[in-house]
Structures are given as structure tokens and as C-alpha cells.
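There are 2 protein chains.
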Amino acid sequence: MDIDTIDRKILSILQGDGRIANVELAERIGLSPTSIGERLKRLQRDGFVEGYGARLNPHRLGLGLLVFVEVMLDKTTPDVFERFARAVQNAPEVLECHMVAGGFDYLVKARVADMAAWRRFLGERLLALPGVRETRTYAVMEEVKRDAPLPVG
Amino acid sequence: MDIDTIDRKILSILQGDGRIANVELAERIGLSPTSIGERLKRLQRDGFVEGYGARLNPHRLGLGLLVFVEVMLDKTTPDVFERFARAVQNAPEVLECHMVAGGFDYLVKARVADMAAWRRFLGERLLALPGVRETRTYAVMEEVKRDAPLPVG
DNA sequence: GTCTATATCCATCATTTATCCGGTCATCTA
DNA sequence: TAGATGACCGGATAAATGATGGATATAGAC
């Protein structure tokens, strides 16, 4: 149920190029395509590989602004947390949302077109939710490192 | 140089399943595989699709802890920023790093095995950098929404 | 030691897929 | 009108995939 060096190499290469041909992957590792195929199938079955996806350029798609928001909730009813989580999952602008330990409750990462779009989303969606006590928005000025691959090596 | 509804549908499907066969993609959209192939090639050439990658499960790989860190730098020399950026890019634990406008300078997202590993990384790597004045670590307790696809629709 | 079960690897082959090429049709323009 | 352009399609070919059977090695039970 655990993986060896070859498996890690497969994952590493596949994380960088999810569409690489099995034969080339096999060549690069030094095993037959059949073996690599079996290993990959196992890695998928055991949940190491959850899927494949195209990496899209957000700016090209008109999503020029990346923002992070710290959200504090009223802790009066536990229902508030559930409702917030559901709202966030239904909002396509929100790419990530994490419950954190520390000074605030949720950290939200979102992509929108510009500041105007963000103001609209913040006012009409986030602040409209019941239980949202306070938010702090941090606009990203420069993406120093973007979506690096997981360290599998 | 801009894209239509069909292109968006291609991007949307491909973002969810980057390994889908061209023929099935064509079927699902209602065009011939050739046309889809031509469109896809154009989308790649024009930078809408930057690549493909396998989605790996971080927990399976022993990366059980997700943390966000707010970093404040001494603004004495401009060299400090460059050096910090470079260090962060070379650190495999760091998945993202953004320069933000607001109360602090950088927001760092990192994945490590556990709190012990994080303490080690924080002490030996981050705080060892010259110019790092203050850091605030927020450990993620629950990932409410994880790496959602970009809204292309 | 021997037998069995399991795991890893490999070569082969039928099927599926990607891609190149030529050709059609509609639209626009000189 | 003639020519150019762009989006689309079908057919042919070269390549990749996936399934099968088989070889080898290791570990455990008896």
C-alpha cells in the first residue's frame, strides 16, 4: 500500500505533464510500458492520483485579480459554519477555502476579473451571509510562486 | 484571439479531465474530432492551456499539514525582497507565495508532514533568511474547498 | 526442501487514438 | 466575379493503449 522510488518518479513526471504517453514515460524511467501502466493503475486505484486536469491561464480567461480574504464568523450557532461552507462551495469565484486555527476562522482564496468584481462579490455574496462578522481582504500584487507541484521525491 | 462558447466548453471539460480522449471530447461537444483538435491546438498556442498535470493526493504522500504564513520583511534594502522570493522558489514545501497589499508583505502556502516538520522548516529556512521580521502561521484544520476549477463558463 | 501464492516485469497483438491531408461550404473583400 | 479566409468534416496512416499469457523472483506454510 506504500510506494517506492519508481512510483515516486512516475508521480513526479505525471504531475508535470499529465498527458505524457505511457511509452515515453516508460522510456524516461527505464521500464517497459506495460509495467508502468500497471503501476499507474495501482497508483490511481489506491488514491495517489486523483485525476488529471488542464492548467489554464487565469489572466487569459479574464480573471486578473487574485485575492485572499480572512473571514471571522459569529460563533453563536454551529449552523453558521455549515451555511458558510455551503455558500463558499457554490461560489465559482472561490478556488479554495480553509478553516484555520488562529486569529480568524476561514481563509478564502478567490479569482475575479478586477477590484470592481471583487467589491460586488464581497458585498453581495460574502457579507450577505448570516454570521459573517468581519472580513479582511488582501489583494495579490505579484504571484511569486504559483501552484507548485507537490514534493513527491 | 478571443474564444467562443465551444472553446470555453473545451476548456471546462479539459480542466476536469485532462486525459479525456479527443474523440470523446468531440462527441460530448457535438463536433468532429478534427475540429476539436484544431481548436485545442489553438488554445494551447495562444496560452489558454498552459499544460496538463496529474492531481495528487497530498495526504497519501505524507503531506498531512497545510499551513499559511504571513511574512513581514524589513524594508531596509530592496535586495531583501529578491532574496526572499528566490528562497521561496527553491523550497519544495512552498506551493504558493504571493506578494500582497495590506497588513503584511507575503502570504505563503506550504505543505509539510506535520507540525514538527513545519517548526523545522520555519526555524531553519524561513526565519534564517535575512530581512524576515515577523511571521504568523495559520494551520489549516479543515479544507472546505480545495483547488476548485477556474470559472470558464 | 518443496509447494503455493504473490508481485513485478516483459513481449506480442488487436483495438483505439491522434494527426495529417485533401476537400466542402460559407463568408468576406478587392 | 474571383480570390482569400476560416471553420468544419472524412479518410488514411502511424502511434499509443490495453489485454493476454508467460517468465522470474520472493516470501510463507508445511
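The listed protein sequences correspond, in order, to chains A and W. Sequence positions in the first sequence follow the numbering used here and run -11 to 141. Sequence positions in the second sequence follow the numbering used here and run -11 to 141. Where is the CB? At the ideal position from N, CA and C, for every residue including glycine. Just so we're clear, the structure is a prediction, and the values are computed from it rather than from any experiment.
- Membership of residue 92 of chain A in any alpha helix (DSSP H) is not indicated, and neither H nor E is assigned to it by DSSP.
- According to the DSSP secondary-structure assignment, residue 43 of chain A is paired through a beta bridge with W/39.
- Distance between residue 10 of chain W and residue 141 of chain W, taken at the CA atoms: about 20 Å.
- Of the other Cβ atoms in all chains shown, 16 or more fall within 10 Å of the Cβ of residue 46 of chain A; this residue is therefore buried.
- Judged by DSSP in its simplified three-state form, residue 48 of chain A adopts coil rather than helix or strand.
- With a beta-carbon spacing of about 6 Å, residue 48 of chain W and residue 35 of chain A fall inside the 8 Å limit used to define contacts.
- Contacts with chain A at 7 Å (Cβ-Cβ) include residue 56 of chain W.
- The CB of residue 122 of chain W never comes closer than 9 Å to any CB in chain A; the least such distance is about 14 Å.
- The count of Cβ pairs closer than 8 Å, one atom from the stretch 100 to 117 of chain A and one from the stretch 52 to 72 of chain W, stays below three, leaving the stretches out of contact.
- Shown here, residue 76 of chain W sits in a helix according to DSSP, grouped into three states.
- Of the residues A/123, A/68, A/20 and A/67, the one whose Cα lies closest to the Cα of residue 107 of chain A is A/123.
- Taking the CA atoms as reference points, residue 20 of chain A sits about 21 Å from residue 4 of chain A.
- Straight through space, the alpha carbons of residue 27 of chain W and residue -9 of chain W are spaced by roughly 10 Å.
- By the C-beta density criterion, residue 14 of chain W is buried, having at least 16 other C-beta atoms within 10 angstroms.
- With respect to residue 81 of chain W, residue 100 of chain W sits close: the two C-beta atoms are nearer than 7 Å.
- Around the beta carbon of residue 29 of chain A, fewer than 16 other beta carbons lie within 10 angstroms, which makes this residue exposed.
- Nearest to residue 75 of chain W by C-alpha distance, out of W/110, W/17 and W/33, is W/110.
- Residue 117 of chain W is outside the set of residues whose beta carbon lies under 7 Å from a beta carbon in chain A.
- With respect to chain A, the C-beta atom of residue 130 of chain W has a partner C-beta closer than 7 Å.
- Using a Cβ-Cβ cut-off of 7 Å, residue 36 of chain A counts as an interface residue toward chain W, since at least one Cβ of chain W sits closer than that to its own.
- Beta bridge pairing from DSSP links residue 133 of chain W with A/85.
- For residue 87 of chain A, the C-beta contacts it makes with chain W under 9 Å involve 128, 129, 130, 131 and 132, in order along the chain.
- Listed in chain order, the positions of the stretch 64 to 90 of chain A with a beta carbon within less than 7 Å of a beta carbon of chain W are 73, 76, 77, 80, 81, 82, 83, 84, 85, 86, 87, 88, 89 and 90.
- Sequence-ordered contacts of the stretch -8 to 6 of chain W with chain A read -1, 2, 3, 4, 5 and 6 [C-beta pairs closer than 7 Å].
- Membership of residue 58 of chain W in the beta strand (DSSP E) is indicated by the continuous run 53 to 61.
- Counting along the chain, residue -9 of chain W sits inside no alpha helix (DSSP H), nor does DSSP assign it H or E at all.
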